[in-house]
Amino acid sequence: MVFPERFSNLPEYAFPRLRGLLDAHKPGGDPIVMTIGEPKHPFPDWVGETLMGSLDGFGRYPDNNGVPPLRHAIAGWANRRYALNLDADAHVFPLNGTREGLFNACLALCPETKHGRQPVVLMPNPFYQVYAVAALAVGAEPVYVPATDATGNLPDYAGLPEDVLDRVAVAYICSPANPQGAVASRAYWQDLIALAERHDFQIFADECYSEIYRDTPPPGALEVAHQMGADPERVVIFHSLSKRSNLPGLRSGFAAGGPASIAQLKQLRSYAGAPLPEPLQAVATRAWNDETHVIASRARYQAKYAIADAVLGDVQGYTPPEAGFFLWLPVQDAEVATLKLWQDTGVRVLPGHYLAREVRGTTPGADRIRVAMVVDEQELQRGLTKLRDCLYG
Ligand SMILES: Cc1ncc(COP(=O)(O)O)c(C=O)c1O
Numbered sequence: 019m020v021f022p023e024r025f026s027n028l029p030e031y032a033f034p035r036l037r038g039l040l041d042a043h044k045p046g047g048d049p050i051v052m053t054i055g056e057p058k059h060p061f062p063d064w065v066g067e068t069l070m071g072s073l074d075g076f077g078r079y080p081d082n083n084g085v086p087p088l089r090h091a092i093a094g095w096a097n098r099r100y101a102l103n104l105d106a107d108a109h110v111f112p113l114n115g116t117r118e119g120l121f122n123a124c125l126a127l128c129p130e131t132k133h134g135r136q137p138v139v140l141m142p143n144p145f146y147q148v149y150a151v152a153a154l155a156v157g158a159e160p161v162y163v164p165a166t167d168a169t170g171n172l173p174d175y176a177g178l179p180e181d182v183l184d185r186v187a188v189a190y191i192c193s194p195a196n197p198q199g200a201v202a203s204r205a206y207w208q209d210l211i212a213l214a215e216r217h218d219f220q221i222f223a224d225e226c227y228s229e230i231y232r233d234t235p236p237p238g239a240l241e242v243a244h245q246m247g248a249d250p251e252r253v254v255i256f257h258s259l260s261k262r263s264n265l266p267g268l269r270s271g272f273a274a275g276g277p278a279s280i281a282q283l284k285q286l287r288s289y290a291g292a293p294l295p296e297p298l299q300a301v302a303t304r305a306w307n308d309e310t311h312v313i314a315s316r317a318r319y320q321a322k323y324a325i326a327d328a329v330l331g332d333v334q335g336y337t338p339p340e341a342g343f344f345l346w347l348p349v350q351d352a353e354v355a356t357l358k359l360w361q362d363t364g365v366r367v368l369p370g371h372y373l374a375r376e377v378r379g380t381t382p383g384a385d386r387i388r389v390a391m392v393v394d395e396q397e398l399q400r401g402l403t404k405l406r407d408c409l410y411g
């Protein structure tokens, strides 16, 4: 049997790798799981009735473009949130969650060559893993750019050699960042967009944590590009109901950007996509039109930031997350700390470098653990207190 080489060097995915590290060992207490970024706050209580009211949609193949009410709800939300003028037909495209969109956008939009050479796809390191596999799928060279304390926890793409920048076709960027919790400021976006204009590449902005923040809404990439008068095709943003509305199982998100980019994405997906079933689109439509549940969920995350700051505030090297729901905590050795924490307390976290690649002998995150603040406030307080006493006591 012959298998493709393309993905042969992929490391084991973070969660099976974690199971390999921990599962042969007994937890030192009732497990408190803080590994996966799966929101646990309740989703809105109208989800059931909305779904039941649209069941006849299961009898139809869903339209590739999404039903008009969903596209209008998405465009309306993005226009309110970012002061844009997106058109529901030309500029937005519903997805089955951002993960597949982030993957498919690379297939649809990354060219075969850039100036006659192999294109480069930039991504932060550590990063959300789909970016790398998307780059490999299109035969591009993935370039992993450190996003560590030293760089403000966001990648310094402008610091790359000119020769690399000239080959860049796509730059992935995540803000608010998973796992670092950093937010790209307006100035950061302006610089990145200017760099993309200079070297003619597209920015894929993964903004799925945009609604989970302390007090100031994170600026958006399309918002800044629009204010700058950049090429409308320069930026594609990706958003999701998974984190915003606590609906990770709905599999609903969207991409928004320039009309040519969205048309290309639509074209690819008219061949190979799996559009969201209509009843789920009805739920998604209502979710984008409603802000009440988002504000309530955000208030709970704000309470969680306060718990984290109170419990861990005096730990040396603790950086309060600006947004999102991850803590990115300093340790000496990520695997040693993760195993000790599990064996001593039952608190389960993720070694930071499981989300990174080794570049020139260094793997960012090997001295970090990622802690997802998705459990309820009481359990979070309990878990973080155990974590502090075990690792920093
Ligand atoms: C940074 C980041 N991007 C994208 C996703 C994908 O989310 P979804 O496909 O549920 O929208 C996640 C989920 O954990 C994530 O953390």
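Going from the sequence shown to my numbering is simple: count from 1 and add 18.
By construction, the Cβ of each residue, glycine as well, lies at the ideal position given by its N, Cα and C atoms.
- 8 Å or more divides the Cβ of Y289 from the Cβ of K261.
- When rounded, the separation of the alpha-carbon atoms in Q285 and S279 is 10 Å.
- The beta carbon of S258 is closer than 6 Å to those of G115, T116, C226 and G271 in its chain, skipping five residues each way along the sequence.
- By the C-beta density criterion, P137 is buried, having at least 16 other C-beta atoms within 10 angstroms.
- Assigned with DSSP and collapsed to three states, I211 falls in helix.
- Around K322, the same chain offers F343, M391, E395 and L398 as residues with beta carbons nearer than 8 Å, after the five sequence neighbours per side are excluded.
- Counting C-beta pairs closer than 8 Å gives three or more between the segment 105-124 and the segment 145-157, which meets the contact rule.
- Take the alpha-carbon of E309 and the one of Y231: they are about 15 Å apart.
- Under the three-state reduction of DSSP output, Y31 falls in the coil class, being neither helix nor strand.
- DSSP places R78 outside both helix and strand once states are collapsed to three, so it counts as coil.
- Around the beta carbon of T53, a 10 Å sphere encloses 16 or more other beta carbons of the protein chains shown; the residue is thus reported as buried.
- Annotation for D327: P338 place their beta carbon closer than 8 Å to its own, counting only its chain and skipping 5 residues before and after.
- These are the residues, in chain order, with a beta carbon less than 6 Å from any non-hydrogen atom of ligand 1: G55, G115, T116, R117, Y146, C192, N196, D224, C226, S258, S260, P266 and G271.
- Rounded to whole angstroms, the separation of the alpha carbons of A223 and N143 is 15 Å.
- Nearest C-alpha to P160 among G291, F25 and L210: F25.
- If you compare the alpha carbons of A165, A300 and G38 with that of V377, the shortest gap goes to A165.
- With fewer than 16 other beta carbons inside 10 angstroms of its own, M70 counts as exposed.
- The three-state secondary structure of C192, taken from DSSP, is strand.
- Shown here, M70 sits in a helix according to DSSP, grouped into three states.
- A check of alpha carbon separations from D167 across D385, V329, V139 and S193 identifies D385 as the nearest.
- Judged by DSSP in its simplified three-state form, R366 adopts strand.
- For H371, no alpha helix (DSSP H) encloses it, and the DSSP letter there is neither H nor E.
- In the DSSP annotation of this structure, the continuous segment of the beta strand (DSSP E) that includes R388 starts and ends at R386 to A390.
- The secondary-structure analysis by DSSP pairs T380 across a beta bridge with V377.
- I255 counts as buried, since no fewer than 16 other beta carbons sit within 10 angstroms of its beta carbon.
- For L102, there is no enclosing beta strand (DSSP E), since its DSSP letter is neither H nor E.
- For N103, the number of other beta carbons within 10 angstroms of its own is below 16, and it is reported as exposed.
- Each residue's CA atom was taken as its position, placing E340 and R204 some 14 Å apart.
- For L409, the enclosing alpha helix (DSSP H) has its first and last residue at E395 to Y410.
- Sequence-distant partners of P237 (beyond 5 residues in either direction) whose C-beta falls short of 6 Å from its own C-beta, in its chain, are R204.
- P142 is bridged by DSSP to V163.
- In the structure shown, L294 falls within a coil segment according to DSSP collapsed to helix, strand and coil.
- At a Cβ-Cβ threshold of 8 Å, D209 and A176 count as neighbours.
- DSSP places V201 outside both helix and strand once states are collapsed to three, so it counts as coil.
- Restricting attention to D407, H59, K358 and V367, the CA atom closest to the CA of G46 is found in K358.
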